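Residue numbers (the numbering used here): 9 to 433.
Backbone N, C-alpha and C fix where the C-beta goes; we use that ideal spot for every residue, glycine too.
Just so we're clear, the structure is a prediction, and the values are computed from it rather than from any experiment.
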Amino acid sequence: MSEHDSEYMGAVLLQKGYLSTEEESQADIILVNTCCVREKVEHKIFTKLGRLTKLKRQNKKLIIGVTGCYAQLAKEEIKRRMPQVDFVLGAQEIRRLPKVMGSLRSPQKRQDKMPDESRQVEGFPCGFRRRSSIQAMVTIMEGCNNFCAYCIVPFARGRERSRASEEILREIKEAAAEAYKEVLLLGQNVNSYCDPSNNSISFADLLIKVHQIEGIERIRYVTSHPKDFSFRLVETIRDYPKICRHVHLPVQSGSTRILKLMNRKYSRDEYMEKIEWLKREIPEIGISTDIIVGFPEEIEDDFKQTMSLLEEVEFDGIYSFKYSPRPLTKAYQYPDTVSEEVKGSRLMELQALQKRIQLAKNQSLVGRVVEILVDSVSKKDPHALCGRTSSNRIVNFKGSPDLMGKFLRVKIIRSGPNSLFGERV
Ligand code: SAH
Ligand code: SF4
Numbered sequence: 009m010s011e012h013d014s015e016y017m018g019a020v021l022l023q024k025g026y027l028s029t030e031e032e033s034q035a036d037i038i039l040v041n042t043c044c045v046r047e048k049v050e051h052k053i054f055t056k057l058g059r060l061t062k063l064k065r066q067n068k069k070l071i072i073g074v075t076g077c078y079a080q081l082a083k084e085e086i087k088r089r090m091p092q093v094d095f096v097l098g099a100q101e102i103r104r105l106p107k108v109m110g111s112l113r114s115p116q117k118r119q120d121k122m123p124d125e126s127r128q129v130e131g132f133p134c135g136f137r138r139r140s141s142i143q144a145m146v147t148i149m150e151g152c153n154n155f156c157a158y159c160i161v162p163f164a165r166g167r168e169r170s171r172a173s174e175e176i177l178r179e180i181k182e183a184a185a186e187a188y189k190e191v192l193l194l195g196q197n198v199n200s201y202c203d204p205s206n207n208s209i210s211f212a213d214l215l216i217k218v219h220q221i222e223g224i225e226r227i228r229y230v231t232s233h234p235k236d237f238s239f240r241l242v243e244t245i246r247d248y249p250k251i252c253r254h255v256h257l258p259v260q261s262g263s264t265r266i267l268k269l270m271n272r273k274y275s276r277d278e279y280m281e282k283i284e285w286l287k288r289e290i291p292e293i294g295i296s297t298d299i300i301v302g303f304p305e306e307i308e309d310d311f312k313q314t315m316s317l318l319e320e321v322e323f324d325g326i327y328s329f330k331y332s333p334r335p336l337t338k339a340y341q342y343p344d345t346v347s348e349e350v351k352g353s354r355l356m357e358l359q360a361l362q363k364r365i366q367l368a369k370n371q372s373l374v375g376r377v378v379e380i381l382v383d384s385v386s387k388k389d390p391h392a393l394c395g396r397t398s399s400n401r402i403v404n405f406k407g408s409p410d411l412m413g414k415f416l417r418v419k420i421i422r423s424g425p426n427s428l429f430g431e432r433v
């Protein structure tokens, strides 16, 4: 979501006449788009701002803006600790960026990729400088009403609001006309999508409408909340081939007791039932998840249950985090009972188990032929390209950049815990 906000802000800057540079020392303006999900990012923000304000001493004209989730919640603190910052604009205010920019001096105007403010509907930004030419991110909803006990997102992003389906479909048709092959629908809890202009259109209905758009070959979405993940959605994924065979379904913990304390509103058994639906109806499905270790009151037995859930489900990928107390959240009032050391060792144990699971799963794919959409050049080897299977497995292979955006069949010849290596067939 924050990355997509950056795409909007990039378009605003282009419209204002700025060009992009990789060199901070050459920049006339730097926007630091911030997150606040975990405490560590806060330290990073201030370290970064400290470095940037030094640049300002060398280049007096440099404009520094701080935007995003942390900016939404800590406006005064940023201004107090970093008086050299020119403006602070929260995640819920980024549509005001063109106005804020208007009040600052601007270089020569460039008209391309101009965000058209007059087309903004339901308060969602329009006009993006997209980071990929293959996958277009499209917001379908903003904010969250779930108030998981550890999570600051509802405070930073506000209450849940869905975007009108007509507006979403128009944006996706535009992306298709610009040759985008894949869309990534964004929302904190996409399964509770409900069209504000026609309440009968649910997330599954929206997916079916997106499926009808010519040119769009793959549909992805994040994030699904398990409590709202319905059997109808499983059937929809099963029956509509452009909907990718991948679901990111954050479980957070394998212990029902901890899930309750987290206010996740599902039990381990209810989560496992949804995993069973997915595996039964769509055998080729790839499933990934998020895990928090060391939530207040998590004892060894709770952690063991998270480990056993990992073994039972055999996820294709996980994002795992040490619990980080966040102000405003319910859990902030709970004593942070698990020591940093135990959090660290649990995280390592969890990641080691997951690595073993992924290695074994990826090993079993060697020799198989899979279809990928080529979407990037390999970070490690400039002569290698990366593509993804519908189930979100990354496959590296040797090839020339003209293959970017193409669907290819590749045979898996080697595997590692996080990726696969293949050759074209
Ligand atoms: N809306 C998404 C998650 C957004 S935050 C969802 O419900 O799945 C992304 C992930 O960050 C969460 O799934 C959670 O695993 C992690 N996270 C959020 N708050 C955290 C905290 N206080 N400490 C550690 N991890 C946290
Ligand atoms: Fe945070 Fe929970 Fe909302 Fe996800 S569903 S954004 S974890 S409060």
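Taking 8 Å as the cut-off, is the CB of residue i close to at least one heavy atom of the ligand SF4?
i, result
"residue 161", "yes"
"residue 100", "no"
"residue 233", "yes"
"residue 199", "no"
"residue 43", "no"
"residue 258", "yes"
"residue 196", "yes"
"residue 77", "no"
"residue 206", "no"
"residue 202", "no"
"residue 132", "no"
"residue 67", "no"
"residue 155", "yes"
"residue 152", "yes"
If you follow the beta strand (DSSP E) that residue i is in, where does it begin and where does it stop?
i, result
"residue 298", "294 to 301"
"residue 37", "37 to 42"
"residue 380", "377 to 385"
"residue 61", "Careful: residue 61 lies outside any beta strand (DSSP E), inside the alpha helix (DSSP H) at 47 to 66."
"residue 145", "143 to 147"
"residue 76", "71 to 76"
Grouping DSSP H, G and I as helix and E and B as strand, with all else coil, what is residue i?
i, result
"residue 229", "strand"
"residue 323", "coil"
"residue 187", "coil"
"residue 206", "coil"
"residue 163", "helix"
"residue 18", "helix"
"residue 25", "coil"
"residue 364", "helix"
"residue 93", "coil"
"residue 150", "strand"
"residue 336", "coil"
"residue 328", "strand"
"residue 98", "strand"
"residue 88", "helix"
"residue 354", "helix"
"residue 392", "strand"
"residue 193", "strand"
"residue 169", "strand"
"residue 11", "helix"
"residue 373", "coil"
"residue 157", "coil"
How would you write the range of the alpha helix (DSSP H) that residue i sits in, first residue to last?
i, result
"residue 283", "276 to 289"
"residue 110", "105 to 110"
"residue 7", "There is no way to answer for residue 7, as the model of the chain reaches only from 9 to 433."
"residue 219", "211 to 219"
Any heavy atom of the ligand SAH within a distance shorter than 8 Å of the CB on residue i?
i, result
"residue 147", "no"
"residue 331", "yes"
"residue 337", "yes"
"residue 344", "no"
"residue 213", "no"
"residue 394", "no"
"residue 400", "no"
"residue 229", "no"
"residue 266", "no"
"residue 46", "yes"
"residue 6", "The chain is shown only over 9 to 433; residue 6 falls outside these bounds and no answer can be derived."
"residue 334", "yes"
"residue 274", "no"
"residue 158", "yes"
Beta carbon of residue i: closer than 8 Å to some heavy atom of the ligand GTP?
i, result
"residue 327", "Here the bound small molecules are the ligand SAH and the ligand SF4; the ligand GTP is not part of this structure."
Every unbroken beta strand (DSSP E) inside the segment 246 to 273 [3 residues or more]: With a minimum length of 3 residues, the continuous beta strand (DSSP E) runs that stay inside the segment 246 to 273 are 254 to 256.
Sequence ranges, beta strand (DSSP E) only - wholly within the segment 396 to 433, length at least 3: 402 to 406, 415 to 423, 428 to 432
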